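Here's the structure, in C-alpha cells; my notes come after.
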Amino acid sequence: MPRTASHPGSLVSHREHQGATPARTTMFGTPLPAIVEDVPAVVGLGGPAGAGEDAIVEQVRAGEWYVLHDGQVLVAALRVRWADPGTWGRSDDDDAVYVDTLLVDPAWSGGPIERALLEWAGSLAAFGDRHWLRLECPDTDAERCAFYAELGFVEAARVVSSGSRAVLFERPA
11 MPRTASHPGS LVSHREHQGA TPARTTMFGT PLPAIVEDVP AVVGLGGPAG
61 AGEDAIVEQV RAGEWYVLHD GQVLVAALRV RWADPGTWGR SDDDDAVYVD
111 TLLVDPAWSG GPIERALLEW AGSLAAFGDR HWLRLECPDT DAERCAFYAE
161 LGFVEAARVV SSGSRAVLFE RPA
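Under our numbering, residues 11 to 183 are what the sequence shown spells out, in order.
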C-alpha cells in the first residue's frame, strides 16, 4: 500500500497516541515516517556518518526517521529525536526536538528543501509541546553554519561530538 499522510502512522509524534498529527506540510509534500525499505536509500544519500545499516533500521523502527519522496524516489531524509543527552547534556524531559541528521539528494540540495524540512521539524516540535528546535553542525562547515544562522538558529554552544568539534544551534520551534 502506498504511504500517504492519511495512512495510519504516517506522521509520528508524541501525540500520535491521541490520534493527533501536525497539519503542516512542506512545499515538497509531507515528510512521512521512514520504513525499513527506505534504509538503503537513506544510506545512499550518504549517511549518517558512522552509522551502519543495522543501526539505521533500529532508528527507523524507533520512529526517528522521516523521508520525502519524489514519486518513488527518496530525495531527502531527516532523523528527529525527542532527546539528545549525549550531545546536548540534557535529560529526556527537556523542551526541544533535535534534528540529528538531514540528508538531501544532491540533485535537490541547495537550500529550499532543507529549509522546508527544518520548518516542518519546527512544526513537529511545537505540535509535541516542545519550544525549541536544536541541531548540530561541524564547526569546519562555515557555509552550513551560516545557512542555519540565516534560518534563525543561534549558537548555543561548541562541543566535541563523536570526536569532532561541533556548533550546537537552536531556535524557537
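All residues carry an ideal CB built from backbone N, CA and C; glycine is no exception. All figures in this text were calculated on a predicted structure; none of them were measured in a lab.
Length of the line joining the Cα atoms of residue i and residue j
i, j, result
"Asp149", "Ala136", "27 Å"
"Ile45", "Val90", "14 Å"
"Pro50", "Ser171", "25 Å"
"Ala131", "Leu161", "13 Å"
"Ala72", "Glu63", "14 Å"
"Asp80", "Asp94", "30 Å"
"Ile123", "Leu42", "15 Å"
"Val177", "Leu143", "14 Å"
"Asp151", "Gly120", "15 Å"
"Asp105", "Arg125", "22 Å"
"Glu68", "Ala61", "11 Å"
"Val107", "Ala59", "20 Å"
"Glu146", "Gly39", "25 Å"
Bridge partner(s) assigned by DSSP for residue i
i, result
"Cys147", "Val177"
"Trp142", "Ala106, Pro182"
"Leu55", "Paired residues: none, contrary to the question."
"Ala167", "Leu178"
"Pro43", "Tyr76"
"Val114", "Ala86"
Residue i burial status per 10 Å Cβ neighbour count (16 or more: buried)
i, result
"Asp48", "buried"
"Ser133", "buried"
"His27", "With a pLDDT of 28 at His27, under the threshold of 50, the modelled position of that residue is not reliable, and no figure is offered here."
"Pro116", "exposed"
"Val164", "exposed"
"Arg140", "buried"
"Ala110", "It should be pointed out that residue 110 corresponds to Asp in this sequence rather than to Ala. Its Cβ being crowded by 16 or more others within 10 Å, Asp110 is buried."
"Glu180", "buried"
Contact between the stretch 45–57 and the stretch 77–85 is defined here as three or more beta-carbon pairs at a separation below 8 Å; is this criterion met? Put simply, the stretch 45–57 touches the stretch 77–85. At least three CB pairs are less than 8 Å apart.
Whole beta strand (DSSP E) elements within the stretch 61–107, 3-residue minimum | Listed in chain order, the beta strand (DSSP E) elements of length 3 or more contained wholly in the stretch 61–107 are 75–80, 83–91.
| query | So does the stretch 142–158 actually touch the stretch 67–76, counting three or more Cβ pairs closer than 8 Å? | reply | As far as the Cβ criterion goes, the stretch 142–158 does not touch the stretch 67–76, which means the pair count is below three.
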